[in-house]
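Below you'll find the structure, written out as structure tokens, and then a few comments.
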Amino acid sequence: AKLAEGHDEL
Amino acid sequence: MNIFRISADLLHLASFFILIFKMKATKSCKGISFKTQLMYTLVFTCRYLDLFHVLGMMITFNFAHITGLTLYNTFMKILFLAASYYIVYLMRTELKSTSDDARDTFVLWHILAPCAVLALIFNAQFTILEILWTFSIYLEAVAVMPQLMLLIETGEADSLSSHYMFAVGGYRALYLVNWVYRYATEPYYSNWIAWIAGFVQTALFGDFFYYYFVKIMSGDAALKLPT
Chain A
2 AKLAEGHDEL
Chain B
22 MNIFRISADL
32 LHLASFFILI
42 FKMKATKSCK
52 GISFKTQLMY
62 TLVFTCRYLD
72 LFHVLGMMIT
82 FNFAHITGLT
92 LYNTFMKILF
102 LAASYYIVYL
112 MRTELKSTSD
122 DARDTFVLWH
132 ILAPCAVLAL
142 IFNAQFTILE
152 ILWTFSIYLE
162 AVAVMPQLML
172 LIETGEADSL
182 SSHYMFAVGG
192 YRALYLVNWV
202 YRYATEPYYS
212 NWIAWIAGFV
222 QTALFGDFFY
232 YYFVKIMSGD
242 AALKLPT
């Protein structure tokens with residue numbers, strides 16, 4: 002799935 | 022989302038609360054490096070610019086790519102930004118007179134310049150957002166250096182300050198475990214930039230962790246460095 006953000010971690 | 026990642030984020034969140042609690046309860050920010058806190062505001066500001074992207078999707082009712090993880094990340098990003106700006110604000114307003122500025126002597130350009138250069142060279146994509154994200158990853162890895170220098174200068178840290186530093190250092194150590202877990206369980210998952218920076222960040226806390234555990238084991242309130 003494409004993420005809304007560029008990166009999926011904080 | 023695995024147990025290591027969520028624990029890391031909660032530990033990171035706890036670090037802000039510990040620091041704010043310490044400052045509010047003792048009405049002092051003695052022993053806390055303003056320069057490190059300032060770097061954390063810069064780190065989060067550069068890293069979380071994608072908040073505008075999410076905000077843009079929300080106000081245009083484009084929810085197709087907004088997942089539970091997006092909502093979780095967005096919520097945490099806003100908290101991290103708010104907490105770090107609030108800490109800097111407190112240290113420059115009501116607690117300014119208690120700030121250890123005279124001993125907070127680290128030269129910020131010594132980390133800012135190399136991180137900026139490295140981000141321009143070693144990045145996944147030469148775009149403004151990606152370069153700023155990469156810069157934030159590099160800067161976060163070394164942002165604790167003024168705090169470590171202040172700790173060495175002071176020779177000891179009070180109980181809450183040392184718990185704060187343990188939480189900040191521990192969170193990235195848990196991320197290392199999370200990356201190993203993700204690499205083993207998710208196909209094509211790799212992020213060398215974050216891994217190397219995260220390893221450096223955790224390694225910088227090495228000595229501190231040692232003295233922290235010595236303190237915990239001996240039941241002392243304050244963390245003391247050998248003289």
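As they're listed, the protein sequences go chains A and B.
Everything in the first sequence is counted per my numbering, starting at 2 for the first residue and increasing by one.
Everything in the second sequence is counted per my numbering, starting at 22 for the first residue and increasing by one.
Beta carbons: idealized from backbone N, C-alpha and C, even for Gly.
Problem - 8 Å Cβ cutoff, K98(B) in contact with chain A - result: The residue you call residue 98(B) lines up with position 77 of the second sequence. Cβ-Cβ to chain A under 8 Å: yes for K98(B).
Exercise for the section: Report back the beta-carbon spacing between F145(B) and A218(B) to the nearest angstrom; my notes put them in contact at under 8 Å. Expected result: For the purposes of this step, residue 145(B) is taken as residue 124 along the second sequence, with counting starting at 1. For the purposes of this step, residue 218(B) is taken as residue 197 along the second sequence, with counting starting at 1. First, the residue type needs correcting, since residue 145(B) is Ala and not Phe in the sequence shown. Between A145(B) and A218(B) the beta-carbon gap is near 13 Å, outside 8 Å, which marks them as no contact.
Problem - Coil, strand or helix - E207(B) by DSSP - result: Against the second sequence, residue 207(B) aligns to sequence position 186. Three-state result, E207(B): coil.
Handout entry: Close-in-space but distant-in-sequence residues of the same chain around S157(B) (CB under 6 Å, 5 per side omitted)
Key = Locating residue 157(B) in the second sequence gives position 136, counting from the first residue. The residues are V64, C67 and R68.
Exercise for the section: Flag W154(B) as yes if its beta-carbon sits less than 8 Å from any beta-carbon of chain A, otherwise no. Expected result: Translated into positions along the second sequence, residue 154(B) becomes position 133. Yes, contact with chain A.
Practice task
Would you mind listing the alpha helix (DSSP H) stretches within the stretch 85-119 of chain B that are 4+ residues and don't spill past its ends, in chain order?
Solution key: For the stretch 85-119 of chain B, whole alpha helix (DSSP H) runs of length 4 or above, ordered along the chain, are 89-113.
Practice task
To the nearest angstrom, report how far apart G191(B) and F230(B) are at their CA atoms.
Solution key: Counted from its first residue, the second sequence places residue 191(B) at position 170. Counted from its first residue, the second sequence places residue 230(B) at position 209. Answer to the nearest angstrom: the Cα atoms are 9 Å apart.
Exercise for the section: May I ask whether a heavy atom of the ligand COA can be found less than 7 Å away from the beta carbon of L76(B)? Expected result: As far as ligands go, the structure on display features none, and thus does not contain the ligand COA.
Exercise for the section: Output the residue ranges of the alpha helix (DSSP H) runs that lie fully inside the stretch 208-233 of chain B and measure 4 residues or longer, sorted by chain position. Expected result: Fully enclosed alpha helix (DSSP H) runs of 4 or longer: 213-225.
Practice task
Find the nearest neighbour of M44(B) within the set L102(B), L100(B), S120(B) and C136(B), judged by alpha-carbon distance.
Solution key: Looking up residue 44(B) in the second sequence gives position 23. Scanning L102(B), L100(B), S120(B) and C136(B) for the CA closest to the CA of M44(B) turns up S120(B).
Problem - Status (buried if at least 16 other CB within 10 Å, exposed otherwise) for K98(B) - result: Residue numbering aside, residue 98(B) sits at position 77 when the second sequence is read from its first letter. K98(B) should be labelled buried.
Problem - Given A29(B) as reference, the closest of W200(B), M238(B) and V235(B) once Cα atoms are compared - result: On the second sequence, position 8 is the one that residue 29(B) refers to. Minimum Cα distance to A29(B) is reached at W200(B).
Practice task
Please classify W131(B): is it buried, with 16 or more other beta-carbons within 10 angstroms of its beta-carbon, or exposed?
Solution key: Taking the second sequence and counting its residues from 1, the one referred to as residue 131(B) is at position 110. Trp is not the amino acid found at residue 131(B); the sequence shown has His there. Exposed.
Exercise for the section: Would you mind sorting Y268(B) into buried or exposed? The rule is 16 or more other CB atoms within 10 Å of its CB. Expected result: Nothing can be reported for residue 268(B): it is not among the residues displayed for chain B, which extend from 22 to 248.
Handout entry: Exposed unless 16 or more other CB atoms sit within 10 angstroms - verdict on A85(B)
Key = Here residue 85(B) corresponds to residue number 64 of the second sequence, with the count starting at 1. Flag for A85(B) reads exposed.
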